[in-house]
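Visitor: Mapping of the sequence shown onto full-length UniProt numbering: position 37 corresponds to residue 37, and the numbering continues sequentially without gaps.
Backbone N, C-alpha and C fix where the C-beta goes; we use that ideal spot for every residue, glycine too.
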Amino acid sequence: MDADSPVFAIAVAAELAGMHPQTLRQYDRIGLVVPGRTRGGSRRYSMRDIEQLREVAQLSSEGMSLPAIARLLDLEDEVRMLRRRVSELEGALRAERESRPGVRVFAAGATGQVVTLPSGRRIRRSTEVVLWHPRGAVARDDAGEDDSPLERD
1 MDADSPVFAI AVAAELAGMH PQTLRQYDRI GLVVPGRTRG GSRRYSMRDI
51 EQLREVAQLS SEGMSLPAIA RLLDLEDEVR MLRRRVSELE GALRAERESR
101 PGVRVFAAGA TGQVVTLPSG RRIRRSTEVV LWHPRGAVAR DDAGEDDSPL
151 ERD
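1) Helix, strand or coil for G40? Go by DSSP, reduced to three states.
2) Excluding the 5 residues flanking P6 on each side, which residues of the same chain have their C-beta closer than 7 Å to its C-beta?
3) Does the Cβ of I30 have 16 or more other Cβ atoms within 10 Å, making it buried, or fewer, making it exposed?
4) Note the first and the last residue of the continuous alpha helix (DSSP H) segment covering Q113.
5) Go to P35, then tell me how far its alpha helix (DSSP H) extends in each direction, as first and last residue.
6) Whose C-beta lies closer than 8 Å to the C-beta of E128 among residues of the same chain, with five residues either side of it excluded?
7) Just to confirm my understanding: we take I10, look at its own chain, exclude 5 residues before and 5 after, and list those with CB closer than 6 Å. What are they?
8) Determine the direct distance from the alpha carbon of Q52 to that of L66, and round the result to whole angstroms.
9) Give every residue of the same chain whose Cβ lies closer than 8 Å to the Cβ of D28, excluding the five residues on either side of it in the sequence, and list them in chain order.
10) Ignore the nearest five residues each way along the sequence and tell me which others in L59's own chain have a CB closer than 6 Å to its CB.
11) Measure how close the beta-carbons of M19 and A57 come, nearest whole angstrom, since I'm counting them as under 8 Å.
12) In the DSSP assignment, what are the bridge partners of Y45?
13) In the DSSP assignment, the alpha helix (DSSP H) including M81 goes from what residue to what residue?
14) State the DSSP-derived secondary structure class of D28, mapped to helix, strand or coil.
15) Can you look up E62 in the DSSP assignment and give me helix, strand or coil?
16) Using the three-state DSSP reduction, which class does A17 fall into: helix, strand or coil?
Given below as structure tokens:
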């Protein structure tokens, strides 16, 4: 059974969370802790729901408002989802790197296309890079001094 499997009826969930079943119904109505439902409409709580109910009770006893608790739970859900997504992306990146051993370097080809190079291989330069700077468009630093080597004599 995983933490998200909705298996506990409201009476059992209330007992596990140390709350009255009516409190769980109220939390469901306001969207604080929303359990799964059976086909017949009965509430079914997961272990994650029970943990959230316990957290709500703790935060509420410390003086946090229900809207603030709801926001906190939403953010925790978002963090959990983002961590899952990061793990998926890390796995995809790892698989991609393993499927292409040694290919990590990219260069611009003669016609501008992107060329992959094996690691450690150098590309021969057929031309030098030329920086064009129109006359009058001289870069100046904060002190007003000419910062362009093209305009200096």
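Guide: This is what the structure gives:
1) coil
2) P35, G36, R44, Y45, S46
3) exposed
4) Counting along the chain, Q113 falls outside any alpha helix (DSSP H), and DSSP gives it neither H nor E.
5) First-last for P35: undefined, no H or E at that position.
6) Low local confidence applies: a pLDDT of 48 at E128 is under 50, so the model's placement there is unreliable, and no value is given.
7) If the five residues before and after I10 are omitted, its C-beta is found closer than 6 Å to the C-beta atoms of P21, L24, R43, all from its own chain and listed in chain order.
8) Taking the CA atoms as reference points, L66 sits about 13 Å from Q52.
9) V34, P35, R43
10) I69
11) 6 Å
12) F8
13) 66-99
14) helix
15) coil
16) helix
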